[in-house]
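For reference, the structure discussed in these notes is given below.
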Amino acid sequence: MAKIFCIANQKGGVGKTTTTVNLAAGLAKVGQRVLMVDLDPQGNATMGSGIDKRQLELSVYDVLLESASVKEACVQSGKLQEAQCAYDILGANRELAGAEVEMVSLERREKRLKSALATVADDYDFVLIDCPPSLSLLTLNGLCCAHGVIVPMQCEYFALEGLADLVNTIKQVHANLNRELKIIGLLRVMFDPRITLQQQVSQELDARYRAKGQLFDTVIPRNVRLAEAPSYGLPGVVFDPSSKGAQAFVAFAQEMVERVKKM
Ligand code: ATP
Ligand code: MG
Numbered sequence: 000m001a002k003i004f005c006i007a008n009q010k011g012g013v014g015k016t017t018t019t020v021n022l023a024a025g026l027a028k029v030g031q032r033v034l035m036v037d038l039d040p041q042g043n044a045t046m047g048s049g050i051d052k053r054q055l056e057l058s059v060y061d062v063l064l065e066s067a068s069v070k071e072a073c074v075q076s077g078k079l080q081e082a083q084c085a086y087d088i089l090g091a092n093r094e095l096a097g098a099e100v101e102m103v104s105l106e107r108r109e110k111r112l113k114s115a116l117a118t119v120a121d122d123y124d125f126v127l128i129d130c131p132p133s134l135s136l137l138t139l140n141g142l143c144c145a146h147g148v149i150v151p152m153q154c155e156y157f158a159l160e161g162l163a164d165l166v167n168t169i170k171q172v173h174a175n176l177n178r179e180l181k182i183i184g185l186l187r188v189m190f191d192p193r194i195t196l197q198q199q200v201s202q203e204l205d206a207r208y209r210a211k212g213q214l215f216d217t218v219i220p221r222n223v224r225l226a227e228a229p230s231y232g233l234p235g236v237v238f239d240p241s242s243k244g245a246q247a248f249v250a251f252a253q254e255m256v257e258r259v260k261k262m
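Here numbering that gives the first Met the number 0 is used: the first residue of the sequence shown is 0, the next is one more, and so on.
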């Protein structure tokens, strides 16, 4: 049975998509069967996995509106197959913004993705969902079907404030819609150890969250190769496997494999 994880943080540009595609590629590299779901109308995770969002015949939009199954809408990227880091991709594009409006009047509107993913649970070890930078109905669909949330965050002062909102939302979803949901961990990303403030915030996170088992050991460094990779339609793990960023994401994939064994 697949373990389902949302990569979520309502703050924009914190590294959600970079985490999603590189974790997907890292898990595939260590032999896991992975489905990556792009739940953001920006379609960045789709493009960053080598799929042109404008060419999608079916997408997560069709799945949410129940006009296609997950199996029908999934695609694979040839470039990822060549690199032997292939994962299945349920893509997204601008059309998805409409789903938010169209779903409002529908029944079970926050559980549509959950029902859809139930049909493929045996086909994967991991399902990773890239959430948009909001606490919207789309994000809610992700949170309703997940076993846990991975929260990428930069070690900056305001990151700690935003975290409180996300923790509250997760508590509410846990209480009302999904008893399984929990924070699997905070992932420190774009980390630059030369910056004193980043070190301080990292220590603060350590003090507050490590004892609760909610802080990942792996730290993702700021690394330009990770930022360059999307323009080649590749996760950094595939684009430059020897880079520090890629190595950190493969280590993170291994940490996730170990973590899942204890769930
Ligand atoms: P959004 O909220 O818009 O969906 P996001 O949270 O998904 O954004 P990303 O798109 O993953 O964030 O990252 C934001 C920018 O930071 C991108 O340009 C990305 O390439 C860059 N970036 C992410 N992680 C790193 C890193 N470890 N080192 C250097 N650059 C990074
Ligand atoms: Mg994103």
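Even glycine gets a Cβ: it sits at the ideal position worked out from N, Cα and C.
Judged by DSSP in its simplified three-state form, leucine 225 adopts helix.
Put simply, the backbone Cα of glycine 14 is about 28 Å away from that of serine 114. Where methionine 255 is concerned, the enclosing alpha helix (DSSP H) starts and stops at 243-260. With a cutoff of 9 Å on beta-carbon distance, glycine 235 and arginine 224 are scored as near each other. Of the residues assessed, phenylalanine 238 falls on the buried side of the cut-off, its CB having 16 or more other CB atoms within 10 angstroms.
Sequence-distant Cβ neighbours of alanine 120 in its own chain, meaning closer than 7 Å and more than five residues away, are Met0 and Ala1. The stretch 153-172 makes no contact with the stretch 57-73; the number of CB pairs closer than 8 Å stays below 3. The Cβ atoms of arginine 93 and lysine 28 do not sit closer than 9 Å to each other. For threonine 217, the enclosing beta strand (DSSP E) begins and ends at 214-220. Leucine 186 is positioned such that its CB atom lies no closer than 9 Å to that of isoleucine 128.
In the three-state reduction of the DSSP assignment, leucine 196 falls in the helix class, which pools H, G and I. For the pair methionine 189 and leucine 22, the CB atoms are not nearer than the 9 Å cut-off. For arginine 209, DSSP records no beta bridge to any residue. Relative to the ligand ATP, even the nearest heavy atom lies 8 Å or more away from the CB of threonine 168. Scanning the stretch 46-72 for uninterrupted alpha helix (DSSP H) segments of 4 residues or longer gives 59-63 and 69-72, listed from N- to C-terminal end.
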